[in-house]
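First the structure, in the form of structure tokens, and then the observations on it.
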Amino acid sequence: MMAAFPSGPTAVVLLVVLIYLVIRVFIVAHPKNERTVKEVFEDMLLEFAGAAIIVIGVLILPLFI
């Protein structure tokens, strides 16, 4: 029985995206920037949407090549 966790290239891509988002949280939410929590949350949603589009492109594009 296979586990429900991604493996191979998918796991690597998801790990890279996760690391990228964590780094962005620390950069964007740094107190020196003086931004509200709502602004940071909205920016992170946009970042996540962009990362999701990239991941989908990376995973689906090879199927058509």
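Numbering (our numbering) for the sequence shown: 1 to 65.
Beta carbons: idealized from backbone N, C-alpha and C, even for Gly.
It should be emphasised that the depicted structure is a prediction, and the values quoted were computed from it without experimental measurement.
How is THR36 classed by DSSP in three states: helix, strand or coil? Counting from one through the sequence shown, the residue named residue 36 turns up at place 36. THR36: coil per DSSP, three-state reduction.
Which residue wins for smallest C-alpha separation from ILE27, given the options GLU47, THR10, VAL16? If you number the sequence shown from 1, residue 27 lands on position 27. For ILE27, the nearest C-alpha among the options comes from GLU47.
Step through the CB atoms of chain D and report whether any lies within less than 8 Å of the CB of VAL58. The displayed structure is made up of one protein chain only, and chain D is not part of it.
Please name the residue, chosen from GLY8, THR10, MET44, that lies closest to ILE23 on a Cα-to-Cα basis. For the purposes of this step, residue 23 is taken as residue 23 along the sequence shown, with counting starting at 1. For ILE23, the nearest C-alpha among the options comes from MET44.
Taking only three categories from DSSP, how would you classify GLY50? On the sequence shown, residue 50 is found 50 positions in, with the first residue counted as 1. For GLY50, the three-state secondary structure derived from DSSP is helix.
PRO59 to GLU39 span [Cα, whole Å]: Walking along the sequence shown from the start, residue 59 turns up at place 59. Walking along the sequence shown from the start, residue 39 turns up at place 39. The residue you asked about is not Pro; residue 59 is Leu in the sequence shown. Each residue's Cα considered, the two are about 30 Å apart.
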